[in-house]
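Asker: Residue numbers (UniProt numbering), protein chains in the order written: chain B, 1 to 342; chain U, 1 to 342; chain P, 1 to 342; chain L, 1 to 342. I have a structure here, written as structure tokens, and I will follow up with some questions on it.
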């Protein structure tokens with residue numbers, strides 16, 4: 001059980017590590033950092049070097065066993081920022097507990113396959129156990145996972161193997177889905193035996209998974225957040241999660257915000273996934289995110305869902321990540337709100 | 001006084017005129033059309049040929065004195081659609097009245113200048129008068145105005161004159177602002193004598209202007225919508241307007257929606273303008289819409305504000321247009337909701 | 001045998017049909033038009049409405065049995081223009097002969113399949129026969145073929161069938177490849193029996209195919225151009241073709257231009273296909289066209305190859321089309337030059 | 001006089017510093033590096049973090065007084081790579097000499113102004129003098145200069161000052177032009193007294209300037225390359241320069257290549273600038289680079305001119321940079337070829 005606090009700060013560029021000073025002012029030392037979770041201002045797709053830049057500048061400044069998870073894309077109103085997950089002082093209970101880890105490195109040809117999902121499932125299972133919570137207490141599993149670049153595709157072909165896809169952008173989706181299925185298995189939302197089938201049908205999903213792909217790593221960075229929302233928790237922090245049914249599901253956001261309000265709480269951070277409904281429609285009305293060849297659908301989705309969430313919480317420093325394959329119902333996305341209670 | 005009804009239908013492409021059949025099923029004839037106001041799925045910028053395509057296919061199917069106003073850009077969740085403004089049967093009062101018209105053609109070098117604003121002011125003033133309403137009863141003035149293409153820039157230079165800007169994309173903003181200032185003058189939100197000064201300081205704005213630029217025309221298409229919101233109106237339709245203060249101003253949308261709910265009303269259509277705050281920040285938090293060289297800020301703004309509005313009204317067929325220079329306060333945008341009462 | 005002349009004119013927008021007047025000045029009547037082949041200034045991808053706009057405005061102005069082939073994308077230096085293929089006066093021999101036609105409409109689920117290729121093969125074979133030339137005299141087969149939109153994908157799924165791909169942009173490539181294989185079979189570059197296998201291995205290619213996809217049609221528009229390059233031809237026009245080996249194959253262009261120069265010829269038009277090498281490298285050096293998530297690879301390829309060809313022929317009104325799957329060797333593209341001899 | 005060698009190597013990403021190992025294999029030590037000049041694979045515009053990433057990873061690995069110049073954008077066929085300028089062993093003459101330096105930091109409101117140009121002029125003049133060559137022996141002055149981000153714009157406004165432009169993308173052009181004018185003055189292509197006037201008329205240009213803007217610095221990085229092309233030079237390297245008249249000026253490239261061939265030379269590297277003709281036409285034919293709101297004109301220009309140059313030299317590792325304001329004639333761009341003689 002690792003009790004954690006959570007703080008967020010805006011950044012002036014992906015290379016900006018000045019939030020470390022603000023963290024210090026807030027009374028925390030860099031050595032207490034478990035995770036740096038950031039939104040950087042690139043395109044959030046294959047050639048998003050804002051993520052790599054952030055990873056490069058941050059990784060030298062945080063503990064070796066801490067993880068970075070940078071999600072690209074601050075379309076629309078979103079503000080580039082970092083969220084710190086830090087150990088509480090003297091491990092005093094805060095109401096939130098967290099743990100971080102890595103899978104082993106995935107070979108390029110494993111990306112998006114049952115091996116990938118299995119590796120994630122095993123790592124998350126072991127982290128949850130180590131945290132000493134039950135799967136249903138976990139409110140969020142955040143994963144940064146690899147993608148296939150042209151070079152990695154060539155490596156696979158040179159070995160006479162088949163990549164999961166020849167399209168670098170599509171490899172991001174395949175990687176996210178395999179990670180989400182691994183999380184679903186670890187959180188017992190699906191059975192371990194369903195993993196292989198899931199990767200074929202692409203139907204099963206986790207309500208608490210949030211996965212983001214990047215070229216800047218070859219393993220998966222994993223962050224697990226748990227909250228005892230039953231009210232027994234000590235401390236001043238809580239997390240609650242419930243997926244959005246579609247990209248305009250203001251209803252579920254308002255529902256959670258009202259519940260938080262009833263508890264006298266204040267929103268600290270929102271972690272949401274967004275996607276263009278693959279059927280090309282939202283509640284029966286056509287959208288154009290899947291036929292816009294100038295702008296990838298993940299960029300559209302972040303902008304739209306980011307606008308909705310930022311409007312409802314009155315804050316643009318929210319973590320909205322694009323591409324919700326297996327992370328919430330199709331066309332919707334997982335949603336987790338961390339809040340402070342009196 | 002022309003009493004009007006309002007109907008909206010999705011389109012399958014910018015070339016889709018099948019909503020005419022649905023209009024007919026709803027009991028209206030094409031000859032009753034005053035205006036076709038559409039959202040088309042292009043980039044909403046200089047080279048948006050979806051607007052031109054829609055204009056070409058629609059203009060042969062509607063009365064000569066009707067106008068088309070196509071606004072490009074259905075980023076995020078937005079659904080391409082058309083809104084018909086039609087004369088009511090036998091001119092029976094509906095609660096809404098409307099009138100349409102054109103300015104004279106603007107010479108390329110007049111675009112964005114006091115002449116442009118003056119021409120708009122004169123046309124709108126005359127239309128409002130003809131409608132028989134007072135300026136404060138006007139809830140929305142929608143204008144489609146020209147922009148400068150490379151060819152028009154060359155024409156200006158060949159005449160030894162100076163264009164308002166050499167940047168084709170920026171010319172859209174200049175055109176929208178001059179149109180908005182003209183509306184503000186006509187609606188007595190600013191004095192006629194302030195027009196010239198306004199174009200210098202770029203400060204004054206109208207709360208009920210909605211302007212959109214396009215390469216497909218060289219005059220301005222004007223649509224004026226009035227509603228007697230004092231409750232004296234007969235008929236089942238109402239319009240109400242109040243600008244958004246910034247791009248995440250969910251508050252004002254919720255306020256209007258609650259007012260409508262109190263009246264037992266149901267939203268028919270929303271007309272909103274959106275823009276990237278030119279100061280680079282929203283409520284003090286940095287946004288990246290003005291430094292994203294891959295994606296123009298108007299596309300970002302439409303996606304974000306479109307996501308917020310569609311979420312709150314539960315409908316993606318809303319008219320959200322990008323570039324709100326002088327159309328609502330800086331960083332915000334005008335907002336008009338048309339609704340049906342029992 | 002239909003003897004044809006060829007003329008090209010710039011356009012000021014996709015809606016510009018004023019070249020008809022120039023055609024008239026050049027002594028030709030619209031009734032002599034066999035084909036209007038144009039480059040329009042959209043993105044050349046799924047949501048390129050510049051193509052549809054051009055098709056709409058042109059199709060009402062040309063003979064019923066003439067075809068339009070609009071290829072989107074004039075990236076870089078390329079000039080939007082139209083090329084007319086017109087019957088010569090009194091069918092006087094010109095050195096070039098041509099014929100146009102259509103396949104039957106393809107069902108959405110047939111796109112990219114052996115049925116699609118077979119349909120093309122049959123149509124081209126029959127057109128070549130009708131033209132009275134041998135397959136090896138054919139210098140160019142230009143095809144405009146359909147793609148899968150979100151709506152067409154839904155139609156397929158609603159029928160319980162599988163589309164060739166779920167990605168609208170990728171469907172363009174699948175459609176081009178099936179068309180190219182059909183051409184290869186008709187020109188006897190591959191055996192008819194190899195068609196099905198070709199669509200699996202995606203290896204075989206035609207040296208004289210040029211295929212372009214669009215949402216604006218559901219059949220294939222076909223244009224066949226033949227030239228007797230053996231020197232026996234009467235008339236003042238010739239066509240020669242030889243594929244580019246890669247996207248920087250200046251050598252083959254220079255070789256053809258020198259051959260033309262030797263004959264005292266002058267280039268009238270160039271028809272070229274361009275693509276990003278799918279292996280991610282050109283002559284061993286990495287390119288970034290397949291990992292650029294802001295800009296589709298076909299746009300990159302048109303810009304680069306267009307720059308090379310326009311530079312070498314000293315003219316930017318050239319037909320360079322993106323996506324050369326099966327149209328020339330992998331990473332290269334077919335190339336056909338039409339020229340005038342004394 | 002600093003005799004230099006020049007070597008180039010491809011990179012696998014902007015973070016790839018493995019060329020250092022290849023440099024070592026080639027017999028050079030990192031301590032001999034004067035400049036690292038790279039093409040990185042971002043958009044080359046305001047939010048190109050590939051440049052910043054490259055600067056971050058390289059600056060810790062090269063001597064303190066060496067400079068980095070990273071130009072973003074490898075559109076089309078271009079290969080991301082780095083070019084090393086290294087001191088020759090024991091300062092043995094190579095035929096090429098070079099020197100690097102910095103201007104002082106420019107305040108945001110100085111960007112694009114006569115102060116900016118003056119500061120560049122002074123720095124380049126002093127570097128040329130220090131190099132011990134005459135201005136006409138200088139074949140290339142390469143500059144990396146700052147741009148205005150939203151934050152820098154806010155800083156200026158907060159001080160009650162006026163930025164040169166409110167548009168972050170346009171600030172790149174303004175910065176390049178002021179740098180180019182400074183170079184022109186230092187190389188005596190224009191008089192020092194013409195600087196202020198030049199910034200107003202935007203007419204004068206330098207034939208040997210190559211300037212590139214970036215958010216990653218606030219001073220200008222300067223690299224000066226001289227060659228004694230009169231044949232008196234010892235050593236095996238030469239540089240020659242002559243600007244392209246327009247973006248399809250294959251003629252001048254072929255002319256230089258033939259001259260090099262006559263000397264038995266082999267091309268080592270090409271440094272070229274490219275731009276969209278601001279008049280909207282090339283040799284009278286319309287181009288669409290200035291009206292494409294999806295893709296900035298500098299990206300178009302790099303792709304097209306990169307395709308032409310790479311085709312003619314048969315190598316995609318060439319330095320083609322976009323935005324040639326004042327760097328060669330309007331619509332064209334400066335061009336410098338470094339080659340090896342027997």
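Backbone N, C-alpha and C define an ideal beta-carbon position, used for all residues, glycine too. No experiment lies behind these values; they were computed from the predicted model shown.
Kindly list the residues whose CB is nearer than 7 Å to the CB of residue 164(P), restricted to its own chain and excluding five residues on each side of it in sequence; keep chain order.
Answerer: Start at 1 with the first residue of the third chain, and residue 164(P) comes out as number 164. Around residue 164(P): 111, 112, 113, 171, 174.
Asker: Would you say residue 227(L) lies against chain B (beta-carbon separation less than 9 Å)?
Answerer: By 1-based counting over the fourth chain, the position of residue 227(L) is 227. Judged by the 9 Å Cβ criterion, residue 227(L) is not in contact with chain B.
Asker: Leaving aside the five residues before and after residue 149(U) along the sequence, list all residues of the same chain whose C-beta is less than 8 Å from its C-beta, in chain order.
Answerer: Counted from its first residue, the second chain places residue 149(U) at position 149. 46, 168, 215, listed in sequence order.
Asker: Exposed or buried, what is residue 191(L) when buried is set at 16 or more other beta-carbons lying within 10 Å of its beta-carbon?
Answerer: The count along the fourth chain starts at 1 and reaches residue 191(L) at position 191. Counting Cβ neighbours within 10 Å, residue 191(L) comes out exposed, since fewer than 16 surround it.
Asker: Hey, residue 295(B) and residue 299(U): beta-carbon distance below 9 Å or not?
Answerer: For the purposes of this step, residue 295(B) is taken as the residue at position 295 of the first chain. For the purposes of this step, residue 299(U) is taken as the residue at position 299 of the second chain. A contact, by the Cβ cut-off of 9 Å.
Asker: Could you check whether residue 305(B) and residue 272(B) sit closer than 9 Å to each other, using their CB atoms as the reference points?
Answerer: In the first chain, residue 272(B) corresponds to position 272, counting from 1. In the first chain, residue 305(B) corresponds to position 305, counting from 1. In contact: residue 272(B) and residue 305(B) (Cβ atoms closer than 9 Å).
Asker: If the criterion is Cβ atoms closer than 9 Å, does the pair residue 127(L) and residue 101(L) meet it?
Answerer: Taking the first residue of the fourth chain as position 1, residue 127(L) is located at position 127. Taking the first residue of the fourth chain as position 1, residue 101(L) is located at position 101. Contact: yes.
Asker: Residue 307(U) versus chain L: which residues are under 7 Å apart at the beta carbon?
Answerer: In the second chain, counting from the first residue as 1, residue 307(U) sits at position 307. None at all; the shortest Cβ gap to chain L is about 21 Å.
Asker: Excluding sequence positions up to five away, which residues of its chain have a Cβ less than 8 Å from the Cβ of residue 336(U)?
Answerer: Position 336 of the second chain, counting from 1, holds the residue named residue 336(U). Excluding residues within five positions, the ones whose Cβ falls inside 8 Å are 139, 140, 208, 210, 225, 239, 240, 241, 270, 271, 272.
Asker: For residue 167(L), decide whether its Cβ has a neighbour in chain B, counting only Cβ atoms nearer than 9 Å.
Answerer: Stepping through the fourth chain from its first residue, residue 167(L) is reached at position 167. Taking Cβ atoms only, chain B never reaches closer than 9 Å to residue 167(L), which makes this a no.
Asker: Would residue 212(L) and residue 157(L) qualify as a contact pair, given that the criterion is a beta-carbon distance under 9 Å?
Answerer: Within the fourth chain, numbered from 1, the residue matching residue 212(L) stands at position 212. Within the fourth chain, numbered from 1, the residue matching residue 157(L) stands at position 157. No, Cβ-Cβ distance for residue 212(L) and residue 157(L) is not below 9 Å.
Asker: For residue 68(L), which option in 275(L), 55(L), 90(L) has the closest C-alpha, if you only look at C-alpha atoms?
Answerer: As a first step, residue 68(L) is located in the fourth chain; it is residue number 68 there, counting from the start. The residue with the shortest Cα to Cα distance from residue 68(L) is 55(L).
Asker: I need the boundaries of the beta strand (DSSP E) containing residue 247(B), first residue and last residue.
Answerer: Along the first chain, one-based indexing puts residue 247(B) at 247. First-last for residue 247(B): undefined, no H or E at that position.
Asker: Quick check: the Cα distance between residue 89(L) and residue 26(L), rounded to an integer number of angstroms?
Answerer: In the fourth chain, residue 89(L) corresponds to position 89, counting from 1. In the fourth chain, residue 26(L) corresponds to position 26, counting from 1. C-alpha separation (whole angstroms): 12 Å.
Asker: Do you know whose CA, among 201(B), 85(B), 187(B), lies nearest residue 36(B)'s CA?
Answerer: In the first chain, counting from the first residue as 1, residue 36(B) sits at position 36. Selected option, being the one with the closest Cα: 85(B).
Asker: Let me know if residue 290(B) comes out buried or exposed under the rule of 16 or more other beta-carbons within 10 Å of its beta-carbon.
Answerer: Taking the first residue of the first chain as 1, we reach residue 290(B) at position 290. Its Cβ being crowded by 16 or more others within 10 Å, residue 290(B) is buried.
Asker: Can you name the residues of chain L whose CB is closer than 7 Å to the CB of residue 294(P)?
Answerer: By 1-based counting over the third chain, the position of residue 294(P) is 294. Result: 43.
Asker: Quick check: does the Cβ of residue 296(P) come within less than 8 Å of any heavy atom belonging to the ligand COA?
Answerer: Of ligands this structure carries none, so the ligand COA is not represented either.
Asker: Could you please give me the residues that DSSP links to residue 96(L) through a beta bridge?
Answerer: Indexing the fourth chain from 1 puts residue 96(L) at position 96. Note: residue 96(L) sits in a beta bridge opposite 227(L).
Asker: Rounding to the nearest angstrom, what Cα-Cα distance links residue 179(L) and residue 98(L) in this structure?
Answerer: Within the fourth chain, the letter at position 179 stands for residue 179(L). Within the fourth chain, the letter at position 98 stands for residue 98(L). For residue 179(L) and residue 98(L), the distance between alpha carbons rounds to 19 Å.
Asker: Quick one: what does DSSP say residue 22(B) is sitting in, helix, strand or coil?
Answerer: Here residue 22(B) refers to the residue found at position 22 of the first chain. Helix.
Asker: How long is the line joining the alpha carbons of residue 188(L) and residue 121(L), rounded to whole angstroms?
Answerer: On the fourth chain, position 188 is the one that residue 188(L) refers to. On the fourth chain, position 121 is the one that residue 121(L) refers to. For residue 188(L) and residue 121(L), the distance between alpha carbons rounds to 10 Å.
Asker: For a contact meaning CB atoms closer than 8 Å, what does residue 153(P) contact in chain B?
Answerer: Within the third chain, numbered from 1, the residue matching residue 153(P) stands at position 153. Those are 280, listed as they occur along chain B.
Asker: Using the rule of at least 16 other Cβ atoms within 10 Å of the residue's Cβ for burial, across every protein chain shown, is residue 14(U) buried or exposed?
Answerer: Residue 14(U) sits at position 14 when you count from the first residue of the second chain. Buried is the call here.
Asker: With residue 201(B) as the anchor, note down where its alpha helix (DSSP H) starts and where it stops.
Answerer: As a working mapping, residue 201(B) is identified with position 201 in the first chain. Counting along the chain, the alpha helix (DSSP H) containing residue 201(B) begins and ends at 195-201.
Asker: Would residue 287(L) and residue 83(P) be called neighbours here (beta carbons separated by less than 9 Å)?
Answerer: The residue labelled residue 287(L) in the question sits at position 287 within the fourth chain. The residue labelled residue 83(P) in the question sits at position 83 within the third chain. No; because the gap between Cβ atoms is not below 9 Å, this pair is not in contact.
Asker: Assign residue 315(U) to one of two classes, buried (16 or more other C-beta atoms within 10 Å of its C-beta) or exposed (fewer than that).
Answerer: Position 315 of the second chain, counted from the first residue, corresponds to residue 315(U). So residue 315(U) counts as buried.
Asker: What residues in the stretch 252-277 of chain U have a beta carbon less than 7 Å from any beta carbon of chain B?
Answerer: Under the 7 Å Cβ criterion, the stretch 252-277 of chain U contributes no residue.
Asker: Can you tell me which of the three DSSP states residue 182(P) falls into?
Answerer: Walking along the third chain from the start, residue 182(P) turns up at place 182. In the structure shown, residue 182(P) sits in a helix (DSSP, three-state: H, G or I).
Asker: For the alpha helix (DSSP H) that residue 116(P) lies in, which residues bound it at each end?
Answerer: Position 116 of the third chain, counted from the start, is the residue given in the question as residue 116(P). 114-131 is the extent of the alpha helix (DSSP H) around residue 116(P).
Asker: Go ahead and label residue 281(U) buried or exposed: buried means 16 or more other beta carbons lie within 10 angstroms of its beta carbon, across all protein chains shown.
Answerer: Taking the second chain and counting its residues from 1, the one referred to as residue 281(U) is at position 281. Residue 281(U) should be labelled buried.
Asker: Let me know if residue 297(P) comes out buried or exposed under the rule of 16 or more other beta-carbons within 10 Å of its beta-carbon.
Answerer: In the third chain, residue 297(P) corresponds to position 297, counting from 1. Buried, by the Cβ-count rule.
Asker: Using alpha carbons as the reference points, say which of 137(P), 124(P), 129(P), 152(P) lies closest to residue 181(P).
Answerer: Reading the third chain from its first residue, position 181 is the one you call residue 181(P). If we check each option's Cα against that of residue 181(P), 124(P) comes out closest.
Asker: Please name the residues in the stretch 49-70 of chain L whose beta-carbon is closer than 8 Å to at least one beta-carbon of chain U, in chain order.
Answerer: Within the stretch 49-70 of chain L, no residue qualifies.
Asker: At the 9 Å Cβ level, is residue 47(U) part of the contact set with chain L, yes or no?
Answerer: Here residue 47(U) refers to the residue found at position 47 when the second chain is read from its first residue. Yes, residue 47(U) lies at the interface with chain L (some Cβ there is under 9 Å from its Cβ).
Asker: Excluding five sequence neighbours on each side, which residues of the same chain lie with their C-beta closer than 7 Å to the C-beta of residue 51(B)?
Answerer: The residue labelled residue 51(B) in the question sits at position 51 within the first chain. Only 40, 42, 70, 72, 214, 216 meet the Cβ criterion.
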